[in-house]
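Heads up: the sequence shown begins at 546 in the numbering used here, then just goes up one per residue. Note that CB positions come from ideal geometry on N, CA and C, so glycine has one too. Just so it is clear, the structure is predicted and the values come from calculations on it, not from any experiment. Reviewing the structure listed below.
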Amino acid sequence: MLSLALASAVLAGCGSTATQPAQPAKLLSRPGLESIFSPGPELITDTAGTLDRLHQLGVDRVHVYLHWSDIAPAPNSPVRPSFDATDPAAYPAAGWAPFDAIVGGVHARGMGLDFAVVPPPPRWASGKGAPDPSTQSEWRPSPQEFGQFMRAVGIRYSGHYTPPGASSPLPRVAFWSIWNEPNSGVELAPQALASQVEVSGLLYRRLLDAAWSALQATGHGRDTILIGELAPAGATFGNAPGAFAVMAPLRFLRALYCVDTSYKPLTGSAATARGCPATAAASAKFASQHPGLFHATAFANHPYPQGLAPNAITPGEPDYTELAETPTLERVLDTLQHVYGSSTRYPIYSTEFGYQTIPPDAEGGTVTPTVAARYLNWAEYLSWRDPRVRSYDQYLLIDSPRGNFASALLFANGTPKPGYFAYQMPIWLPVTTTRKGDPLQVWGCARPARYLGPSAKRVEIQFEPAGGGSFSTVKTVRLRGTSCYFDVLARFPGSGSARLSWRAPGRAALFSRTVAVALR
């Protein structure tokens, strides 16, 4: 999660379909995006109810944050307790219990799981030198300790581990994210030294090395392993990022892969200061010494647009990775691989995404709930059109009562925002005005159909005249396989409003948001 009060200058025309090309985009038929959902604390406090809600929404995969300090013994002590950190049974059973319940509940409902093993670390696993050691355990966390913890996690969720007192093994976890926003100082510090030498790339590289080895050693070598999990923006002025601000993500990637701003391998003192190989001979061994950087399954990003329209970028910030900069991120990742002779082309997973809404959130980068609903659909459509993007994420189900980072689909009192219905049944028309008799492109998804049978595979495109009247069906679309998505042409009889309608057997119809269409 990233929250910055950034200048939100929107590019000309980016928020209006009226300025878009008059011709529909090329129709595509491609596998659907995997829907990943990142709920908040209710996943712990109401596990069954939250998982039921996500299942009803048609979520494919639940993004679960397994905080190291939630499991570790004596997490607030500066002194390491004496225990075998590779043995799951050596940790307090109460720490594992919520995650065991989540793993079992997700498995029972036929959903997937993304286990994100994330900070904060226990205080005894942090390094020396933090300005406030009592509260800054993210300071130089020990890769050795993290590797031992990852071994315990890998063993417990191997599919073969039966906890003490249980009668059967826990379900297997086979999808992993390593750390969270390592370019953010509240997750990993220091980001940079006073001389502005990047440090967090080295720290994350060592943590990833340790996690990679642990997963390989515990039978998870063929699992899906995501690296990166980057925050999409960062401080780029004055002495930032310093120790605890956010480093611009592409700057972080250059330090992580030991290249300069021209994407040439660092050498000499510049390399040594960043924990990188200082000679060509040493650089030749870099890929084999850090296999996680080159052989992970995919790269994860948190492409929040910071209140901008989905196709807009923050002006003057070439090192950001907001949604509209996804092609740039892809090119940079390819370049970093090529530098070391690798042909890997990482797929991109979105594992955090959303729009903060006002109300209740009053900080910079917010939009109204109605605008957020429209932007969410637009963002999903753009993600679906990129063949390297494999997932679409929604961050948070229920807003915090405090109103901070209000990107959820439900207000804090449980009332649905417009975004709830937009997520449930996305709709996007790339062009909304055409000549009478010509079709318009309609892209959409009936997400809840994911878990229902053939009788739930019909989606109706409906139209309501501008002058009044009721909605009527102008086209029926049949979904294919397990995908909820479609991309079709539909003709409308006049100007008015379009929407999607979908009905589960024995239930009331669900509707998308409405989109104004005009015939001239």
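Helix, strand or coil at W724 [DSSP, three-state] = In this structure, DSSP gives W724 a state outside helix and strand, which the three-state scheme calls coil.
For H608, the residue or residues it bridges with in DSSP = Answer by DSSP bridge pairing, in chain order: D659.
Is G746 buried or exposed, if buried means 16 or more other CB atoms sit within 10 Å of its CB?
-> Taking a 10 Å sphere around the C-beta of G746, we find 16 or more other C-beta atoms and assign the residue as buried.
Straight-line gap, D605 to L573 (C-alpha atoms, nearest Å) | Within the model, the alpha-carbon separation for D605 versus L573 is close to 22 Å.
Which of helix, strand or coil DSSP assigns to T590 | In this structure, T590 counts as helix in the three-state DSSP scheme.
Environment of D632 [buried if 16+ CB atoms lie within 10 Å] | Counting C-beta atoms within 10 angstroms of its own C-beta, D632 has fewer than 16 neighbours from the protein chains shown and is therefore classed as exposed.
Could you tell me whether the Cβ atoms of Y900 and S952 are closer together than 7 Å?
-> In this structure, S952 lies closer than 7 Å to Y900 by Cβ.
Report the option in A924, H847, A917, T806 whose CA atom is closest to the CA atom of R877.
-> In the sequence as displayed, the identity of residue 877 is Val instead of Arg. Of the candidates A924, H847, A917, T806, the residue whose Cα lies closest to the Cα of V877 is T806.
Nearest CA to the CA of E683: which residue from P946, R1048, L955, N621?
-> Residue N621 is the option with its Cα nearest to E683.
Distance, Cα to Cα, V1022 vs L954?
-> Computed Cα separation, rounded: 27 Å.
Are V662 and L733 closer than 7 Å when you measure CB to CB?
-> With respect to L733, V662 sits apart: the two C-beta atoms are not nearer than 7 Å.
Alpha-carbon to alpha-carbon, G577 and G879 = For the record, residue 879 in the displayed sequence is Asp; it is not Gly. One C-alpha to the other measures close to 24 Å.
Sheet register partners of Q1007 (DSSP bridge) = Q1007 is bridged to T1018, R1044.
Determine whether the Cβ of M792 lies closer than 7 Å to any Cβ atom of chain D.
-> The structure shown has no chain D; it contains just one protein chain.
Helix, strand or coil: which one does DSSP assign to Y920?
-> DSSP places Y920 within a helical segment (H, G or I) once states are collapsed to three.
At least three beta-carbon pairs within less than 8 Å, the segment 665-677 to the segment 594-609 = Counting Cβ pairs under 8 Å, fewer than three are found: no touch.
With distances taken between CB atoms, is the gap from S1046 to Q1007 smaller than 7 Å?
-> Yes, Cβ-Cβ distance for S1046 and Q1007 is below 7 Å.
H608 classed as buried or exposed, judged by whether at least 16 other C-beta atoms fall within 10 angstroms | Buried, since its Cβ has 16 or more Cβ neighbours within 10 Å.
Taking the CB atoms as reference points, tell me whether E690 and S722 lie closer together than 7 Å.
-> With contacts defined as CB atoms closer than 7 Å, E690 and S722 fail to qualify as a contacting pair.
Just curious, the beta strand (DSSP E) that G692 is in, first and last residue?
-> It is not in any beta strand (DSSP E) - G692 instead sits in the alpha helix (DSSP H) that spans 688-701.
Bridge partners - Q939, DSSP secondary structure assignment | In the DSSP assignment, Q939 forms a beta bridge with F582.
CA-CA distance, T763 and R717?
-> The C-alpha of R717 is placed about 12 Å away from the C-alpha of T763.
With 16 other Cβ atoms within 10 Å as the buried cut-off, status of L1024 | Burial is judged here by how many other beta carbons sit within 10 angstroms of a residue's own beta carbon; L1024 has at least 16 and is buried.
Nearest-angstrom Cα distance between P686 and P676?
-> Going from the Cα of P686 to the Cα of P676 covers about 14 Å.
Supposed close pair T595, L942 - CB separation, criterion 8 Å | Taking 8 Å as the upper bound for CB-CB distance, T595 and L942 are in contact here, some 7 Å apart.
Assigned secondary structure, T979 (DSSP; H/G/I helix, E/B strand, else coil) | DSSP, read as helix, strand or coil, puts T979 in strand.
Within the segment 826-882, note down every full alpha helix (DSSP H) run reaching 4 residues or more, in order along the chain.
-> Listed in chain order, they are 831-834, 836-840.
Go to Y894, then tell me how far its beta strand (DSSP E) extends in each direction, as first and last residue.
-> For Y894, the enclosing beta strand (DSSP E) has its first and last residue at 893-895.
Write down the C-beta distance between S1042 and E1009 rounded to the nearest angstrom, noting that I regard them as a contact closer than 8 Å.
-> At roughly 5 Å, the Cβ-Cβ gap stays under 8 Å, so S1042 and E1009 are in contact.
Would you list the residues sitting across from I972 in a DSSP beta bridge?
-> Per the DSSP secondary-structure output, I972 pairs in a beta bridge with G989.
Span of the beta strand (DSSP E) holding Y1030?
-> Per DSSP, Y1030 belongs to the beta strand (DSSP E) from 1030-1035.
At what residues does the alpha helix (DSSP H) containing A646 begin and finish?
-> Run containing A646: 638-653, per the alpha helix (DSSP H) assignment.
Starting from the C-beta of K1002, find all residues in its chain whose C-beta is less than 7 Å away, skip the five residues before and the five after it, and write them out in chain order.
-> Excluding positions up to five away in sequence, the list reads A994, R1023, L1024.
The beta strand (DSSP E) with I616 in it runs from where to where?
-> Element bounds for I616: not the beta strand (DSSP E) but the alpha helix (DSSP H), 613-616.
A818, enclosing beta strand (DSSP E) - first and last residue = Annotation: A818 is outside any beta strand (DSSP E); the continuous alpha helix (DSSP H) that includes it extends over 813-818.
Tell me F789's beta-bridge partners as DSSP assigns them.
-> None, per the DSSP bridge assignment.
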